[in-house]
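Residue numbers (my numbering), protein chains in the order written: chain A, 100 to 242; chain B, 100 to 242; chain C, 100 to 242; chain D, 100 to 242. Ideal Cβ placement from N, Cα and C applies to all residues, glycine included. It should be emphasised that the depicted structure is a prediction, and the values quoted were computed from it without experimental measurement. Input: a single structure, listed below in structure tokens.
Protein chains: 4
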Amino acid sequence: MESQSEIRVRYAESDQMGVAYHANYLVWCEVGRTDLIRKLGMTYAEMERRGVMLAVADAKLRYHASARYDDVVRIVTRLTGVRSRMVTFEYDLRRVDDRGPDPARLASASTTLVSIDREGRPTAIPPEMREMLARAVTPGFDA
Amino acid sequence: MESQSEIRVRYAESDQMGVAYHANYLVWCEVGRTDLIRKLGMTYAEMERRGVMLAVADAKLRYHASARYDDVVRIVTRLTGVRSRMVTFEYDLRRVDDRGPDPARLASASTTLVSIDREGRPTAIPPEMREMLARAVTPGFDA
Amino acid sequence: MESQSEIRVRYAESDQMGVAYHANYLVWCEVGRTDLIRKLGMTYAEMERRGVMLAVADAKLRYHASARYDDVVRIVTRLTGVRSRMVTFEYDLRRVDDRGPDPARLASASTTLVSIDREGRPTAIPPEMREMLARAVTPGFDA
Amino acid sequence: MESQSEIRVRYAESDQMGVAYHANYLVWCEVGRTDLIRKLGMTYAEMERRGVMLAVADAKLRYHASARYDDVVRIVTRLTGVRSRMVTFEYDLRRVDDRGPDPARLASASTTLVSIDREGRPTAIPPEMREMLARAVTPGFDA
Chain A
100 MESQSEIRVR YAESDQMGVA YHANYLVWCE VGRTDLIRKL GMTYAEMERR GVMLAVADAK
160 LRYHASARYD DVVRIVTRLT GVRSRMVTFE YDLRRVDDRG PDPARLASAS TTLVSIDREG
220 RPTAIPPEMR EMLARAVTPG FDA
Chain B
100 MESQSEIRVR YAESDQMGVA YHANYLVWCE VGRTDLIRKL GMTYAEMERR GVMLAVADAK
160 LRYHASARYD DVVRIVTRLT GVRSRMVTFE YDLRRVDDRG PDPARLASAS TTLVSIDREG
220 RPTAIPPEMR EMLARAVTPG FDA
Chain C
100 MESQSEIRVR YAESDQMGVA YHANYLVWCE VGRTDLIRKL GMTYAEMERR GVMLAVADAK
160 LRYHASARYD DVVRIVTRLT GVRSRMVTFE YDLRRVDDRG PDPARLASAS TTLVSIDREG
220 RPTAIPPEMR EMLARAVTPG FDA
Chain D
100 MESQSEIRVR YAESDQMGVA YHANYLVWCE VGRTDLIRKL GMTYAEMERR GVMLAVADAK
160 LRYHASARYD DVVRIVTRLT GVRSRMVTFE YDLRRVDDRG PDPARLASAS TTLVSIDREG
220 RPTAIPPEMR EMLARAVTPG FDA
């Protein structure tokens, strides 16, 4: 499964190079992840209330082009792997504009998250949640 | 009492105008507040572990000049008022540089914080903490 | 004139108190401001390309209730004053939820911005831009 | 060559999991990078004024343990590679505390930056700058 999110680059996110500061892409990936989980029929906020937290253990980002203030960025998120305590997501970020059907690729990213409990200890994803995630697993963008 | 903190402006904090984005000044004020509380002999982290949270209820900022990437900013923080559930801080932010004894004033600010419990309900500051804060009360910068 | 914007609170914007960190409200006000200017028929990005920058000179915020991760926040923005070099905006921020027609007020804010040129010097707002802004002036929320 | 930087985790950087939000580590790496370049005898701010910008093209992060509000984090930065248009840095982030000589490893990271001109086009690093960087090249942390 994949989900699509759109954000508009905020002035706060620009830097003095005139582009969106690179760390913000991780925040946008998190927006994509939140939307994908919502599309699965739950919310990450609710997962946390039930005591399941997903902490980022690994992140990889490749920046292809710059997003600028006021650009609309489309984040396509895919859930590409689930294991007992881990979930992997991949992201494809593109600038959405009026110039054509094939928006410029801004960045590609992947993150691996580990399931932890309220004390921060690694813990198995509850079975029914894991099954729901497993049904949504999709090949990644490069696959 | 007053305390002094110094931060160096991060690239992440710059915006496309080439200056530090205005919302960061509130973050720097919080750095000043944390340092002032530490100077009083406790830490805000410890206050929270004891169940006393200080939530910002009111903030006022005046921007006089721009901080830029890599500038060192000195934050002078004063505790200017304590009531049963409220604490007021004032801040004077200046650029520290090599050019002289009187650094340029960047901004002045004040924040009022309300004491809340873990459920977010307003609650009295514990007496011994309130006394410690009360002893540190100082006239504000304009007084 | 007033404009409406909606943002969803990001995990990145939460803090360890479990609520949206207070400095983010200034970022959300900026989102509201950007949208109001767009509704006027121009964009702030375009204003900057023409050499007119609006720098925040003064900000006031009152926090009434807490926004939380994944909440949808509606920002109503009004342009309440225009002078030769200054523009004032007011903001009303409310939580949007399913529980009723009158969303909880989260915060109210106002900011005054000064028109500056590329070198950071105060400069008059160009006449045609000032007229367009002047036609949009509206009484503030408390008026 | 390597440089050491220290930052104290800000409340603004915490999230509702009670730990420093993962995207902030990229900001701390940038603090480390700025300090390493300063130690080389120039400043990145000055490099930009001369028209050489370093844009992040690739970032990898592994998170080992969580930093928390008010923790002091030590960032050790190494310049591990220089090519005509690219520079690679590695980072080792540890929590500094009173409990012993071997601080807990929080994260390890690497970033590759591309030299661009004011228009955002890839451009060779000026020879004298490249030589200075080349003399500082050091094996990475895993080497």
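*For R109/D, which of V155/D, D169/D, E147/D has the nearest alpha-carbon?*
That would be D169/D, whose Cα lies nearest to the Cα of R109/D.
_Closest to M116/D by C-alpha separation, out of S207/A, M146/A, T187/A, would be which residue?_
Taking only the C-alpha atoms, the option nearest M116/D is M146/A.
*Could you check how far apart the C-beta atoms of M228/B and V155/B are, in whole angstroms? I think they sit under 8 Å.*
About 18 Å separates the two Cβ atoms, so there is no contact after all.
_Residues sharing a beta bridge with P202/A, DSSP_ = Bridge partners of P202/A: none, in fact.
*Given E105/A, which residues of its chain have a CB within under 8 Å of its CB, disregarding the five upstream and five downstream residues?*
V171, V172, R173, I174, V195, listed in sequence order.
*asked:* My assumption, with CB atoms under 8 Å, is that A158/C sits in contact with L160/B. Please give the rounded CB distance.
replied: The Cβ separation is near 5 Å, so the contact holds.
*Could you tell me whether the stretch 174-188 of chain D touches the stretch 219-226 of chain D, where touching means 3 or more Cβ pairs closer than 8 Å?*
Between the stretch 174-188 of chain D and the stretch 219-226 of chain D there are three or more C-beta pairs closer than 8 Å, enough to call the two in contact.
*Distance, F188/B Cα to G180/B Cα*: Distance from the CA atom of G180/B to the CA atom of F188/B, rounded to whole angstroms, is 7 Å.
_For a minimum of 3 consecutive residues, which ranges assigned as the beta strand (DSSP E) are wholly contained in the stretch 167-225 of chain A?_
If we require 3 residues or more, the beta strand (DSSP E) runs fully inside the stretch 167-225 of chain A come out as 171-181, 185-195, 204-215.
*Determine the burial state of H163/C: buried for a count of at least 16 other Cβ atoms within 10 Å of its Cβ, exposed for fewer.*
That one is exposed.
*Going by the CB atoms, is the gap between T211/B and E101/B shorter than 8 Å?*
Annotated as distal: E101/B and T211/B, with beta-carbon spacing of 8 Å or more.
*Please list the partners that S113/B has in chain A, where partner means a Cβ-to-Cβ separation under 7 Å.*
Those within 7 Å of S113/B in chain A are D114, Q115.
*Could you confirm whether any beta carbon from chain A is found closer than 8 Å to the beta carbon of L160/D?*
Chain A, which has a Cβ nearer than 8 Å to the Cβ of L160/D, makes this yes.
*Would you kindly report the start and end of the unbroken alpha helix (DSSP H) that includes M146/D?*
Annotation: the continuous alpha helix (DSSP H) that includes M146/D extends over 143-148.
_Rounded C-alpha distance that separates L125/D from A233/C_ = About 43 Å.
_Three-state secondary structure assigned by DSSP to A122/D_ = Of the three classes helix, strand and coil, the one that applies to A122/D here is coil, per DSSP.
*Roughly how many whole angstroms lie between the Cα atoms of S113/A and T142/D?*
If you draw a straight line from the Cα of S113/A to the Cα of T142/D, it is about 21 Å long.
*Nearest to S214/D by alpha carbon, out of D241/D, P202/D, L153/D, G239/D?*
Closest by C-alpha distance to S214/D, out of D241/D, P202/D, L153/D, G239/D, is L153/D.
*Nearest chain B C-beta to Y124/A closer than 8 Å, yes or no?*
Cβ-Cβ to chain B under 8 Å: no for Y124/A.
*Within chain D, the residues that A166/A reaches when beta carbons sit closer than 7 Å*: Chain D residues near A166/A: none, gap ~12 Å exceeds 7 Å.
*Can you tell me whether DSSP reads A235/D as helix, strand or coil?*
In the structure shown, A235/D sits in coil (DSSP, three-state: anything other than H, G, I, E or B).
*asked:* Please return the same chain residues whose Cβ sits closer than 6 Å to the Cβ of G219/C, not counting the five positions on each side in sequence.
replied: Here the set comprises nothing.
_Residue burial classification, G131/A (beta-carbon count within 10 angstroms, cutoff 16)_ = Classification for G131/A: buried.
*Could you give the DSSP three-state label for M152/D: helix, strand or coil?*
In the structure shown, the three-state DSSP call for M152/D is strand.
*What residues are listed by DSSP as bridge partners for R161/D?*
Answer is D157/A, S207/D, bridged to R161/D.
_Proximity test, Cβ basis, 8 Å: M152/B and chain C_ = By the rule that beta-carbons nearer than 8 Å mark a contact, M152/B touches chain C.
*With a Cβ-Cβ cutoff of 8 Å, do A122/A and A122/D count as a contact?*
Yes, Cβ-Cβ distance for A122/A and A122/D is below 8 Å.
*Taking the C-alpha atoms as reference points, what is the distance between R167/B and T133/A?*
Going by the C-alpha atoms only, they are around 34 Å apart.
*asked:* Contact criterion: CB-CB distance below 8 Å. Does Y143/B meet it with respect to chain A?
replied: No, its Cβ sits nowhere closer than 8 Å to a Cβ of chain A.
*Tell me which same chain residues have a C-beta within less than 6 Å of the C-beta of R204/D, skipping the five on either side of it?*
Once the five neighbours on either side are set aside, the close Cβ partners of R204/D are H163, R193.
_Residues bridged to Q103/D [DSSP beta-bridge criterion]_ = Beta-bridge pairing links Q103/D to V175/D.
*Option in L178/D, D216/D, E230/D, A235/D with minimal Cα separation from R149/D*: Closest option to R149/D, Cα to Cα, is D216/D.
*Distance between C128/C and A235/D (C-alpha atoms, nearest Å)*: C-alpha separation (whole angstroms): 44 Å.
*Measure the C-alpha to C-alpha separation of T176/A and L135/B and round it to an integer number of angstroms.*
Distance from the CA atom of T176/A to the CA atom of L135/B, rounded to whole angstroms, is 43 Å.
*For Y120/B and chain A, any beta-carbon pair shorter than 8 Å?*
Chain A contact via Cβ: present.
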